[in-house]
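Participant:
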Amino acid sequence: MPSSHPLALITNDDGIDSAGLHALARGAADAGYDVVVAAPSIDASGTGGSVRSVTEDGHVPVAEHDLPGLDGVPAYAVAGHPAYIVNAAGRGWLDREADVVLSGINYGSNTGRQILHSGTVGAVLAGAHHGWSGLAISLNCGLSRPEAPHWDAVLGLLPDLLDRLRARPSGTAWNLNVPDVAFTDLPELREATLAGSGAVQVRMTHRTADGVRPGGLHTLVTETWEHGEPGSDVALLGAGHPVVTEISQLGSRPGAIFG
Numbered sequence: 001m002p003s004s005h006p007l008a009l010i011t012n013d014d015g016i017d018s019a020g021l022h023a024l025a026r027g028a029a030d031a032g033y034d035v036v037v038a039a040p041s042i043d044a045s046g047t048g049g050s051v052r053s054v055t056e057d058g059h060v061p062v063a064e065h066d067l068p069g070l071d072g073v074p075a076y077a078v079a080g081h082p083a084y085i086v087n088a089a090g091r092g093w094l095d096r097e098a099d100v101v102l103s104g105i106n107y108g109s110n111t112g113r114q115i116l117h118s119g120t121v122g123a124v125l126a127g128a129h130h131g132w133s134g135l136a137i138s139l140n141c142g143l144s145r146p147e148a149p150h151w152d153a154v155l156g157l158l159p160d161l162l163d164r165l166r167a168r169p170s171g172t173a174w175n176l177n178v179p180d181v182a183f184t185d186l187p188e189l190r191e192a193t194l195a196g197s198g199a200v201q202v203r204m205t206h207r208t209a210d211g212v213r214p215g216g217l218h219t220l221v222t223e224t225w226e227h228g229e230p231g232s233d234v235a236l237l238g239a240g241h242p243v244v245t246e247i248s249q250l251g252s253r254p255g256a257i258f259g
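Count the sequence shown with UniProt numbering and you get residues 1 to 259, in order.
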């Protein structure tokens, strides 16, 4: 007998073994959704909208996976990036079409226009191309993974956000960032614009080999909350608010070139 519950496709870019993925799947199930989990077999952070996959003997490897506390929930580890996984689902892989794509819960924030590079966000935008609404979710826990992340902060917001998202047109994509504090300590959820630059700042330097360190590009990653425009995700998240932003799909601007 067909289910009367909407279906949530759960993915991420941290990989199938991420505790944030498992928490999100449990939260979606508790919110009344049927759930199928399909996530990269290894970490795929920073892959954006890439549809790259690993092909072996003419197919992309997929392995069934048991997730802790999610008995009966189908889960798959896929040798491909998050947007590839969602795109595969949209092109006939799954027996049932998703009603919503949920991506995360990512360790660390995804803010500003740098979300272009986020595999967490890329999965949701891939779903939007198939007409599915989606929510990319990140926990603002800094540049290192905490021992006890406050997944409850996200899960406390999730049911209401899912209801609001389903009231929007199909193909709506939202980006949610939540402070790493207890749900009971969260201030008001705010709608935010995208900052010109994300809170995470990356600087690249080119070094020559010196006998100790190899030559090539070296990366310095820092995090700062001082440059966000008023009302932006960086400014509001930096002030402690959970923030949600509706993001656009790729489009065109007719008449801009020859007028």
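Glycine included, every Cβ here is placed at the ideal spot set by N, Cα and C.
All values reported here derive from a predicted model rather than from experimental measurement.
1. Buried or exposed: where does His-22 fall if 16 or more other Cβ atoms within 10 Å of its Cβ makes it buried?
2. I think Pro-40 touches Gly-69, with their Cβ atoms under 8 Å apart; what is that distance to the nearest whole Å?
3. Exposed or buried, Ser-248, counting other C-beta atoms within 10 Å across all chains shown (16 or more means buried)?
4. Could you give the residue range of the alpha helix (DSSP H) that holds Arg-113?
5. Using a 10 Å radius around the Cβ and a threshold of 16 neighbouring Cβ atoms, would you call Ile-16 buried or exposed?
6. Let's test the definition: count the other Cβ atoms within 10 Å of the Cβ of Pro-254 and tell me whether it reaches 16, buried, or not, exposed.
7. Check whether the Cβ atoms of Thr-11 and Val-86 sit closer than 8 Å, and answer yes or no.
8. CA-CA distance, Pro-159 and His-59?
9. Among Val-154, Ala-88, Val-212, which has the Cα closest to the Cα of Gly-127?
10. What span of residues does the alpha helix (DSSP H) with Pro-242 cover, start to end?
11. Is DSSP giving Leu-139 helix, strand or coil here?
12. Report yes if the C-beta distance between Thr-245 and Asp-233 is below 8 Å; otherwise report no.
Facilitator: From the atom records:
1. In the sequence shown, counting from the first residue as 1, residue 22 sits at position 22. With 16 or more other Cβ atoms within 10 Å, it is buried.
2. Locating residue 40 in the sequence shown gives position 40, where the first residue counts as 1. Locating residue 69 in the sequence shown gives position 69, where the first residue counts as 1. No, Pro-40 and Gly-69 are not in contact; Cβ-Cβ is about 21 Å, not under 8 Å.
3. Here the question's residue 248 lines up with position 248 in the sequence shown. Exposed is the call here.
4. Locating residue 113 in the sequence shown gives position 113, counting from the first residue. Careful: Arg-113 lies outside any alpha helix (DSSP H) and carries neither H nor E.
5. In the sequence shown, the residue the question calls residue 16 occupies position 16. Around the Cβ of Ile-16, a 10 Å sphere holds 16 or more other Cβ atoms; the residue is buried.
6. For the purposes of this step, residue 254 is identified with residue 254 of the sequence shown, where counting begins at 1. Classification of Pro-254: exposed, given that the 10 Å Cβ count is below 16.
7. For the purposes of this step, residue 11 is taken as the residue at position 11 of the sequence shown. For the purposes of this step, residue 86 is taken as the residue at position 86 of the sequence shown. Yes.
8. On the sequence shown, position 159 is the one that residue 159 refers to. On the sequence shown, position 59 is the one that residue 59 refers to. Straight-line Cα distance between these residues: approximately 37 Å.
9. By 1-based counting over the sequence shown, the position of residue 127 is 127. Taking only the C-alpha atoms, the option nearest Gly-127 is Ala-88.
10. If you number the sequence shown from 1, residue 242 lands on position 242. Premise fails: Pro-242 is in no alpha helix (DSSP H) and is neither H nor E.
11. Position 139 of the sequence shown, counting from 1, holds the residue named residue 139. If DSSP states are grouped into helix, strand and coil, Leu-139 belongs with the strands.
12. The residue you call residue 245 lines up with position 245 of the sequence shown. The residue you call residue 233 lines up with position 233 of the sequence shown. Yes, Cβ-Cβ distance for Thr-245 and Asp-233 is below 8 Å.
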